[in-house]
Amino acid sequence: MLKEGQIRIPSGCAISGIFSRAGQRFGGRDIIKSISIMHERSNGLGGGFAAYGIYPEYKEYYAFHLFYDNDAAKEHCEAFLNRHFVIAQTSEIPTTRTEGVIGAPLIWRYFVLPITTRLSHSLLDEKEYVAKCVFRINTEFDGCFVVSSGKNMGVFKGVGFPEDIAHFYMLEDYRGYCFTAHGRYPTNTPGWWGGAHPFALLDFSVVHNGEISSYDANRRAVEMYGYKCTLQTDTEVIAYVLDYLTRQKGLTLREAAWVIAAPFWQTIESMPEEDRVVYEYLRNMFSSQLITGPFSILVGFEGGLMALNDRLKLRGMVVGEKDDRVYVASEEAAIRIIEPELDSVYWPKGGEPVIVRLEGGNQIGGV
Amino acid sequence: MAAFDFYPDYEVVRNLDRCIVCRVCERQCANGVHSCLEEKNVMLADDSQCVDCQRCVLLCPTRALKIVKSDNTYKQNDNWGKKAINELIIQASTGSVLLSSMGNPETYPIYFDKLVINASQVTNPSIDPLREPMETRVYLGAKPAAVERDDRGRIKNNLPPQLKLSMPMMFSAMSYGSISYNAHESLARAAAELGIYYNTGEGGLHEDFYRYGANTIVQVASGRFGVHKDYLNAGSAIEIKMGQGAKPGIGGHLPGRKIVADVSRTRMTPEGADAISPAPHHDIYSIEDLSQLVYSLKEATEYKKPVIVKIAAVHNVAAIASGIARSGADIISIDGFRGGTGAAPTRIRDNVGIPIELALASVDSRLRNEGIRDRVSVVVSGGIRSSADVVKAIALGADCVYLGTAALLALGCHLCRACQAGKCNWGIATQELELVKRLNPDIGYKRLINLMRAWKHEIEEMMGGMGINSIESLKGNRLMLRGVGLNEKELEVLGVKHAGQ
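Sequence order for the protein chains is X and G.
So the mapping is simple: the working numbering equals the position in the first sequence, first residue as 1, plus 399.
So the mapping is simple: the working numbering equals the position in the second sequence, first residue as 1, plus 13.
This is the structure we're talking about:
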């Protein structure tokens, strides 16, 4: 049977996210509770979490989470890592045996920085250097997969129901200012751990519910800019499109949202001249980055979280707020289960990005 | 020798029970097929002059006429077919190069017919175009490498000139001279009303049609007919014609009898004299020369018009397109070997060039591999027969299609493929006033609008079925296609999977 990446597998899903604007770090218990209530939206074939602010002691280092099929793959990959990075710390990611979670790979974590001379010889900026190394491992190293590669963040995912995956990774023990979660309902699956979500590149992580109809148009466009879609999943291509628009083209996240879930022309035509010009420009200039078909996504990044629905809002997504906490989930129930008394609840419109950031914190790409 | 070279291919069949000898057929046939034997009050027909344009058939008030393929036959021979024998006989009689019109009619594979389109089921919803917005707007033109911002951080519009279309279809280059004034008027008015573009072809722009400039693409071909500064500035874009799908590698030949006074003035060539465009542009013998012409035209129009370079689909079309993308051109137009013509040597039309589907797929892939697909838009033509072909072309990677033959069919053409004779009974490919006035532009332009609107609706339906509500998301979306009955190599070139995969 072909594994993820060799074949495209559509899937439905559940997503949930919690963000503390004040940057208060909290444990993984709430996000587990939230995603568990949407058990029916998963079928046990994939679950995962992204957590931000979990590695304060190594926050200057890129935290690489890696899956290995076997020791030989690990040895091969570690030699590569040693050639390209200074490794501050290496450890196996702690896991615990969990019923229903089977076929786990070897799971390792590295805190790394590029080797300075190699970086300067590469003529790349630091993030591009790191991204290129990640692509090389994922495309050229059999049995190796970089699960996440951002600073002060990490992705924990696998094959199983999300609550079981959380138990497996002991997610309750991690403390961060932002968690996102994903429960997967693929139409068929080879049960490969790398294919579970979130999908992450550098500090970007994406969880996604939906099946986009623009997939191959988006894929072929980003592959032209050096990205390699190894998993053939929507989530992967959305992550690359966002990375391309923000990191390579310098768009703000909000502008990137206008590109991928662009307003309809009839809406643009009725905008004030000053806005109309910008929206028209973005749609024309980045026409291949428009994403159609149903999706709700949560994009985690350093210091912030973005929630976005497709332009027709073909997937449910609710936002709730309580004090400094912002909750986003596929269903309101998934928010109420952890915070019954919300200050506000709302349903963002199709294509309306909800962007939250740490107060006075790290402003990624402006607003 | 015999009395005739060969028995006519088509026979006029007249139902004498129905014929009322009204003589409409006689008056309508510019080829002189029909005549009346007055003393017997009966109509006669000279089959040998019939081109099967269907004019008499469709104007006969009693439906007394039909044209049938002759069942006269040569002795069965699977190698020497009737066409081969007849063409040889003509050449033995005349010593001439054979001439033909319209696109290659031979039995090459039609890849559009071996590609099928996807639709949503269960995992994502199809979209109903009657209830939800369905967007078909397209921009053609180069895209800049970087986003620029002003002092306040607002995005600046640094896009070079673009063509804005309400749907991904345009009318392709057909010159005034090869087709009639009324045909041009119909195309221009339809393009204006639809919010798309028509193309002047290489014969210049009639002064009456300057007012449709906002929807006009002016063409510059190797003969430079009708090219002057006002002409270049009259349209919204300039197309350099390097080649034509129906006759790659050769120029054009408009017979003197089609160069009537108005055509002569528009073309700036002498009345009655053949207008011959050379095979190459004599100032373009290589790719760097093309770049110079691109920039000359941009200089002449102050960089306000996108420049299109049109080539015929030939074997190394991908490499040529890559060169064009780097030459400063904004749009590449590729014409496949099914593309039409007002006149071409038969051997060239039927044997030179490649199918547009393969050319398009390989150009799109090549430009992407080189990372320059965004630098240019790609427009394809030569074999687009329906909205399904349009959808397939866009999914293979085209930004837009050009329609030539389809537009002429809407105007009354029945593909008799005798344009070179200049006696088009439908008033399209002729300059004879009596014939030209048979095409009423008030009706013609509405039929073009009908056709385009019908196709647009169909495109929207197919997009909706795929769960796509904007045409951008269809462009190059090859996963939406599957091949049926194609071999591995064909699938590889097309970049699609086989049905069932």
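For every residue, glycine included, the Cβ atom is placed at its ideal position computed from N, Cα and C.
Pro513(X) is bridged by DSSP to Phe484(X).
Residues of the stretch 673-690 of chain X whose Cβ lies closer than 9 Å to any Cβ of chain G, in chain order: Glu673, Val676, Val677, Glu679, Tyr680, Leu681, Arg682, Asn683, Met684, Phe685, Ser686, Ser687, Gln688, Leu689 and Ile690. Within the stretch 155-192 of chain G, there are no complete alpha helix (DSSP H) runs of at least 4 residues. Of the residues Ala158(G), Arg460(G), Arg466(G) and Val391(G), the one whose Cα lies closest to the Cα of Ser400(G) is Arg466(G). For Asn99(G), no Cβ of chain X is located within less than 9 Å of the residue's own Cβ.
In the DSSP annotation of this structure, Phe663(X) is not part of any beta strand (DSSP E), being labelled neither H nor E.
Between Arg379(G) and Ala332(G), the CB-CB gap stays under 9 Å. Looking at the DSSP output, His581(X) sits in a beta bridge with Ile414(X) and Gly447(X). Judged by DSSP secondary structure, Cys73(G) falls outside any beta strand (DSSP E); it is assigned neither H nor E.
Judged by DSSP secondary structure, Lys469(G) falls within the alpha helix (DSSP H) whose first and last residues are Pro454 to Met479. If the five residues before and after Glu145(G) are omitted, its C-beta is found closer than 8 Å to the C-beta atoms of Gly477 and Asn482, all from its own chain and listed in chain order. Within chain X, no residue has its CB atom less than 9 Å from the CB of Gly217(G), the nearest being about 31 Å off. Counting only the Cα atoms, Ala342(G) lies some 16 Å from Gly248(G).
The beta carbon of Pro261(G) lies closer than 7 Å to those of Ala325, Val327, Val365 and Gly366 in the same chain, with the five residues before and after it left out.
When 7 Å is used as the limit between beta carbons, Arg150(G) is near these residues of chain X: Trp664, in chain order. Annotation: the stretch 722-754 of chain X contains the following complete segments of the alpha helix (DSSP H) (minimum length 4 residues), in chain order: 732-735.
Only residues of its own chain outside the window of five on either side were considered, and among them Leu57 have a CB closer than 6 Å to the CB of Leu50(G), listed in chain order. Val605(X) and Ala512(G) have their alpha carbons spaced roughly 31 Å apart. Contact between Gly582(X) and Phe560(X) holds: CB atoms are separated by about 7 Å, below the 8 Å threshold. Secondary structure in the stretch 179-256 of chain G: the alpha helix (DSSP H) runs of 4 residues or longer, each lying completely within the stretch, are 194-207 and 242-247 in chain order. In this structure His483(X) is buried. Its beta-carbon is surrounded by 16 or more other beta-carbon atoms within 10 angstroms.
Of the candidates Ala288(G), Gly258(G), Gly264(G) and Ala259(G), Ala288(G) places its Cα closest to the Cα of Ile272(G).
Each residue's CA atom was taken as its position, placing Ile168(G) and Lys648(X) some 12 Å apart.
In the structure shown, Phe540(X) adopts coil according to DSSP, grouped into three states.
Within the same chain, Arg31, Cys32 and Ile33 come within 7 Å of Thr75(G) by CB-CB distance, once the 5 residues on both sides are set aside.
In this structure, Gly498(G) and Leu504(G) do not form a Cβ contact; the two beta carbons are roughly 10 Å apart against a cut-off of 8 Å. Under the 8 Å Cβ criterion, the stretch 556-572 of chain X counts as touching the stretch 441-459 of chain X, having at least three qualifying pairs. In this structure, DSSP gives Glu284(G) a state outside helix and strand, which the three-state scheme calls coil. When DSSP states are grouped into helix, strand and coil, Phe479(X) belongs to the helix group. In this structure the stretch 650-670 of chain X lies against the stretch 743-761 of chain X, because at least three pairs of beta carbons, one per stretch, are closer than 8 Å. Contacts between Asn490(G) and chain X, judged by CB atoms closer than 7 Å, involve Ser613, Asp615 and Ala616 in chain order. Ranked by Cα distance from Phe700(X), the first of Ala413(X), Asp470(X), Phe578(X) and Glu731(X) is Phe578(X).
Inclusion of Ile209(G) and Val231(G) in the CB contact set at 9 Å is not warranted, their separation being larger than that value. With a beta-carbon spacing of about 7 Å, Ile407(G) and Ile484(G) fall inside the 8 Å limit used to define contacts. At a cut-off of 9 Å between beta-carbon atoms, Leu707(X) makes no contact with chain G. Contact with chain X is absent for Leu178(G), since none of that chain's Cβ atoms lies less than 9 Å from the residue's Cβ.
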